[in-house]
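Respectively, the protein sequence lines represent chains A and B.
Just so you know, we're using the numbering used here here: the first sequence kicks off at 1 and counts up by one.
Just so you know, we're using the numbering used here here: the second sequence kicks off at 1 and counts up by one.
Quick reminder that beta carbons are idealized off the backbone N, C-alpha and C, glycines included.
Keep in mind the model is a prediction, meaning the values are calculated, not measured.
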Amino acid sequence: MKRIIYREWRIPPARYWGLLGILASVVGIGALAFAYMEHEGHWVSGMSNSVVWGTPHVFAVFLIISASGALNIASIGTVFRKPLYKPLGRLSGLLAAALLMGGLLVLVLDLGRPERLVVAMTTYNFRSIFAWNIFLYSGFMAIVIAYLWSMADRHGEPYNRPIGIVATFWRLALTTGTGSIFGFLVARQAYDAAILAPMFVVMSFAYGLAIFMLVLMFAFTEEGRPIGERILCRLKNLLGIFILGVFYFTLVYHLTKLYGAKNHDLVGWLLLDGGIYTFMFWVGWVLVGGLVPLGIIYHPVLSKDKNWIAAACGLVIVGGLASMYVIIIGSQAYPMQMFPGQTVLASGFFDGVQGEASRYSPAIPEILLGLGGVAVALLITSVGVRVLQFLPESLADDVLPVDEEKIVEQGPAGAKA
Amino acid sequence: MKDHHEPTDRPADAGPADSGRRAFMGVAAGVAGAVVAPGVVLHSVAAAPRSEAVTGDVRWGLLIDTAKCADGCSACVEACDRENGLNLQNKPEGASQEHWDDQKAVWIRKVKLQDNQTGRVTNLPMMCQHCENPPCVDVCPTGASFKRADGIVMVDRHTCIGCRYCMMACPYKARSFIHKVMEDQLTRVPRGKGCVESCNLCVHRRDFGEESTACVDACREAGHEAIVFGDLKDPESAIRKQLAETASRQIREDLSLNTGVRYSGI
Numbered sequence: 001m002k003r004i005i006y007r008e009w010r011i012p013p014a015r016y017w018g019l020l021g022i023l024a025s026v027v028g029i030g031a032l033a034f035a036y037m038e039h040e041g042h043w044v045s046g047m048s049n050s051v052v053w054g055t056p057h058v059f060a061v062f063l064i065i066s067a068s069g070a071l072n073i074a075s076i077g078t079v080f081r082k083p084l085y086k087p088l089g090r091l092s093g094l095l096a097a098a099l100l101m102g103g104l105l106v107l108v109l110d111l112g113r114p115e116r117l118v119v120a121m122t123t124y125n126f127r128s129i130f131a132w133n134i135f136l137y138s139g140f141m142a143i144v145i146a147y148l149w150s151m152a153d154r155h156g157e158p159y160n161r162p163i164g165i166v167a168t169f170w171r172l173a174l175t176t177g178t179g180s181i182f183g184f185l186v187a188r189q190a191y192d193a194a195i196l197a198p199m200f201v202v203m204s205f206a207y208g209l210a211i212f213m214l215v216l217m218f219a220f221t222e223e224g225r226p227i228g229e230r231i232l233c234r235l236k237n238l239l240g241i242f243i244l245g246v247f248y249f250t251l252v253y254h255l256t257k258l259y260g261a262k263n264h265d266l267v268g269w270l271l272l273d274g275g276i277y278t279f280m281f282w283v284g285w286v287l288v289g290g291l292v293p294l295g296i297i298y299h300p301v302l303s304k305d306k307n308w309i310a311a312a313c314g315l316v317i318v319g320g321l322a323s324m325y326v327i328i329i330g331s332q333a334y335p336m337q338m339f340p341g342q343t344v345l346a347s348g349f350f351d352g353v354q355g356e357a358s359r360y361s362p363a364i365p366e367i368l369l370g371l372g373g374v375a376v377a378l379l380i381t382s383v384g385v386r387v388l389q390f391l392p393e394s395l396a397d398d399v400l401p402v403d404e405e406k407i408v409e410q411g412p413a414g415a416k417a
Numbered sequence: 001m002k003d004h005h006e007p008t009d010r011p012a013d014a015g016p017a018d019s020g021r022r023a024f025m026g027v028a029a030g031v032a033g034a035v036v037a038p039g040v041v042l043h044s045v046a047a048a049p050r051s052e053a054v055t056g057d058v059r060w061g062l063l064i065d066t067a068k069c070a071d072g073c074s075a076c077v078e079a080c081d082r083e084n085g086l087n088l089q090n091k092p093e094g095a096s097q098e099h100w101d102d103q104k105a106v107w108i109r110k111v112k113l114q115d116n117q118t119g120r121v122t123n124l125p126m127m128c129q130h131c132e133n134p135p136c137v138d139v140c141p142t143g144a145s146f147k148r149a150d151g152i153v154m155v156d157r158h159t160c161i162g163c164r165y166c167m168m169a170c171p172y173k174a175r176s177f178i179h180k181v182m183e184d185q186l187t188r189v190p191r192g193k194g195c196v197e198s199c200n201l202c203v204h205r206r207d208f209g210e211e212s213t214a215c216v217d218a219c220r221e222a223g224h225e226a227i228v229f230g231d232l233k234d235p236e237s238a239i240r241k242q243l244a245e246t247a248s249r250q251i252r253e254d255l256s257l258n259t260g261v262r263y264s265g266i
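Okay, here's the thing in structure tokens:
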């Protein structure tokens with residue numbers, strides 16, 4: 001094993017500035033979309049009094065839970081003492097901070113009164129999980145910055161593991177809190193399920209890792225830094241486990257709902273008659289985000305190809321966005337069960353007349369705002385890796401530390417040798 | 001012991017030098033007093049009913065007799081719109097009517113139901129149910145969604161950040177988000193783009209000691225008398241007497257929210 005050396009990302013300036021230019025343009029367009037929605041009001045969006053949270057929330061929640069998931073890699077290295085993951089810790093921390101920033105920006109800029117953010121920061125109702133999340137998010141940012149310091153600065157070395165442990169628990173709390181935003185809502189049938197909290201945790205593992213792998217592979221390939229099979233194999237296998245975890249929770253969620261007769265209509269609608277939401281569930285969440293990536297990851301030939309692994313990661317991200325769309329928007333579109341055993345014949349406010357779901361189609365500014373958040377995250381990451389030493393010079397098989405399993409097999413003496 | 005308030009270090013010549021200033025101050029205070037005093041007096045007279053703090057001695061509520069609620073009548077909805085300035089909302093140029101209908105603020109709506117088993121048809125108005133344990137208040141991050149001591153659940157428009165979490169949490173779909181810039185509104189019901197709002201039991205009437213709500217008056221004038229307003233805590237109030245005589249229900253009783261709006265005949 002050689003000493004891991006970290007270096008700034010040194011791709012040719014023209015290429016770097018080109019990339020930065022593209023990202024900055026997307027951020028700019030996102031900012032214009034925000035300005036338009038803020039100036040006109042939300043009537044220009046697809047959101048309504050029936051579907052109150054729309055596409056910006058799909059992006060925001062996806063980015064926030066991915067942020068927490070991206071930090072997983074650093075935790076595996078520090079807290080669970082897996083030496084192979086240690087060289088990836090810095091990028092993991094940077095991505096976590098960047099994704100959280102992107103997600104929070106989208107969330108905040110979609111508020112009806114974004115200029116009152118200071119009210120949200122100074123006036124709290126501690127019965128609200130939303131208020132708790134404000135602390136969880138800002139605390140996460142502070143902890144990640146401290147974590148990065150402990151990884152990069154020699155003076156921080158002794159604090160690395162304690163900070164890592166705090167970060168691990170904090171990130172679990174953060175994702176649990178995000179899942180609970182939905183899980184605690186007793187009003188809507190599709191929410192009102194405590195399982196949403198752990199489901200969000202597992203989803204964060206999968207989506208965060210997929211984003212991490214894509215960024216890692218892109219950065220290394222662009223600059224021609226070596227990335228060995230060992231590390232890729234470990235990461236893609238880990239991704240496979242996380243995807244299976246998401247499947248498990250999805251299955252249990254639906255089984256839990258199906259068990260109560262009052263939810264039969266909901267599950268039937270979601271899985272069979274929900275139109276776009278049924279499509280998003282089966283094609284997006286299950287097929288694109290789950291089965292196809294699993295097929296690639298465990299395929300004897302394809303799983304060895306970097307491009308296919310990258311494709312699997314991309315599909316997990318697309319599937320993740322689809323799953324957020326189903327969870328956030330589909331659950332609102334399904335009519336609230338205010339009058340069990342009765343059919344709504346007419347309503348002055350879209351109460352699910354004849355069981356019809358609420359309409360929602362994303363407006364362009366909503367999508368642009370969401371993409372702006374993604375671009376913010378990538379922009380922060382691009383600038384970070386360029387100016388500071390986040391990326392290891394090489395992840396080639398012979399450079400990386402030996403697997404901890406081998407250390408155990410060979411014993412401490414063998415490891416030293 | 002020495003008194004701390006005793007002016008021990010006053011300059012000897014302070015008196016003569018200050019006399020001119022004192023005279024000026026006296027005149028200025030007199031003039032200012034003469035100008036401001038009538039305003040203060042008038043203001044305090046006008047504000048008398050509102051200056052009393054809301055107490056928990058009362059709990060305002062509604063009882064809706066669905067048997068009396070007429071099919072096709074929307075008097076309560078129209079009256080609410082007029083009372084709260086919701087009739088001043090205009091569809092933005094370029095918006096589709098269908099989408100706008102789902103975006104404009106609605107504080108009270110008529111719902112027509114049919115029992116799946118028996119085919120019995122019921123009409124009723126739906127609005128904020130003014131829960132004793134309101135989910136919208138629980139989830140509001142800033143505490144803008146709040147319950148008054150007299151049971152009225154409403155939104156403080158100064159601290160609402162427009163996150164819409166309360167709308168996600170309300171089991172009655174009672175809340176509306178203001179989707180566009182306000183062009184016209186009533187002084188008694190200030191409204192603003194980007195905030196959430198809902199029925200507040202005509203809170204401005206409560207504050208001036210009036211005895212009814214716009215929907216109740218309209219329903220009575222239309223000859224139906226399907227809605228009764230009153231103090232749920234007062235054993236002598238009409239609403240309490242009627243509740244004691246007739247069977248009534250809360251919508252979504254399973255949530256144990258103890259709503260201030262009750263329905264009979266469903």
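With contacts defined by Cβ atoms closer than 9 Å, Leu-20 of chain A and Ser-303 of chain A do not form a contacting pair. Close to Glu-40 of chain A, with beta-carbon spacing below 8 Å, are these residues of chain B in chain order: Pro-92, Lys-180, Val-181. Going by beta carbons, Leu-388 of chain A and Pro-87 of chain A fall outside the 9 Å limit. According to the DSSP assignment, Asp-273 of chain A belongs to no beta strand (DSSP E), since it is labelled neither H nor E. Against Asp-138 of chain B, the close residues of chain A are Arg-127, Ser-128, in the order they occur along the chain (beta-carbon pairs closer than 7 Å). Residues of the segment 184 to 208 of chain A with a C-beta atom less than 9 Å from some C-beta of chain B are Phe-184, Leu-185, Val-186, Ala-187, Arg-188, Tyr-191, listed in chain order.
Interface criterion met: the Cβ of Thr-159 of chain B is under 9 Å from a Cβ in chain A. Only those residues of the segment 125 to 156 of chain B whose C-beta falls short of 7 Å from the nearest C-beta of chain A are listed: Pro-135, Asp-138, Val-139, Cys-140, Pro-141, Thr-142, Gly-143. The continuous beta strand (DSSP E) containing Gly-61 of chain B extends over residues 60 to 65.
Annotation for Met-154 of chain B: the continuous beta strand (DSSP E) segment containing it runs 153 to 155.
Counting C-beta atoms within 10 angstroms of its own C-beta, Asp-231 of chain B has 16 or more neighbours from the protein chains shown and is therefore classed as buried. The three-state secondary structure of Arg-7 of chain A, taken from DSSP, is strand. Look at the beta carbons and you see the segment 371 to 385 of chain A not touching the segment 114 to 134 of chain A: under three pairs across the two are nearer than 8 Å. Neighbourhood of Leu-111 of chain A in chain B, by CB distance below 7 Å: Ile-161, Gly-162, Cys-163, in chain order. According to DSSP, residue pairing for Val-261 of chain B in a beta bridge involves B:Leu-62. Leu-63 of chain A is a Cβ neighbour of Leu-99 of chain A, given a cutoff of 9 Å. Taking 8 Å as the upper bound for CB-CB distance, His-179 of chain B and His-42 of chain A are in contact here, some 5 Å apart. Using a CB distance cut-off of 9 Å, Ala-67 of chain B does not count as an interface residue toward chain A.
Closest in alpha carbon position to Ala-210 of chain A, among A:Phe-182, A:Gly-224, A:Pro-293, A:Glu-157, is A:Pro-293. By the criterion of a C-beta distance shorter than 7 Å, Gly-275 of chain A is surrounded by no residue of its chain, once the five residues flanking it on both sides are discounted. By the criterion of a C-beta distance shorter than 7 Å, Phe-390 of chain A is surrounded in its chain by Tyr-6, Arg-90, Leu-91, Leu-94, Gly-384, once the five residues flanking it on both sides are discounted. Under a criterion of Cβ atoms nearer than 8 Å, the residues of chain B adjacent to Gly-341 of chain A are, in order, Asp-115, Asn-116, Gln-117. Looking from the CA of Arg-82 of chain B, the closest CA among B:Thr-213, B:Gln-242, B:Ile-227, B:Pro-171 belongs to B:Thr-213. When Cβ-Cβ separations below 9 Å define contact, Thr-259 of chain B makes no contact with chain A.
The segment 206 to 224 of chain A makes no contact with the segment 260 to 275 of chain A; the number of CB pairs closer than 8 Å stays below 3. Taking a cut-off of 8 Å on C-beta distances, the segment 89 to 103 of chain B does not touch the segment 218 to 234 of chain B, as fewer than three cross pairs fall below it. The continuous alpha helix (DSSP H) containing Asp-138 of chain B extends over residues 135 to 139. Taking 8 Å as the upper bound for CB-CB distance, Phe-247 of chain A and Gly-290 of chain A are in contact here, some 6 Å apart. In the three-state reduction of the DSSP assignment, Phe-177 of chain B falls in the strand class. Runs of the beta strand (DSSP E) lying entirely within the segment 337 to 416 of chain A, each at least 3 residues long, are 342 to 347 in chain order.
At a cut-off of 9 Å between beta-carbon atoms, Pro-171 of chain B makes contact with chain A. Excluding the 5 residues flanking it on each side, Ala-24 of chain A has same chain C-beta neighbours closer than 7 Å at Leu-379, in chain order. With contacts defined as CB atoms closer than 9 Å, Gly-46 of chain A and Tyr-277 of chain A fail to qualify as a contacting pair. Contiguous alpha helix (DSSP H) elements confined to the segment 185 to 245 of chain A occur at 196 to 223, taking only those with 4 or more residues.
Gly-85 of chain B and Asn-200 of chain B have their alpha carbons spaced roughly 13 Å apart. Asp-398 of chain A and Ile-11 of chain A have their C-alpha atoms spaced approximately 24 Å apart.
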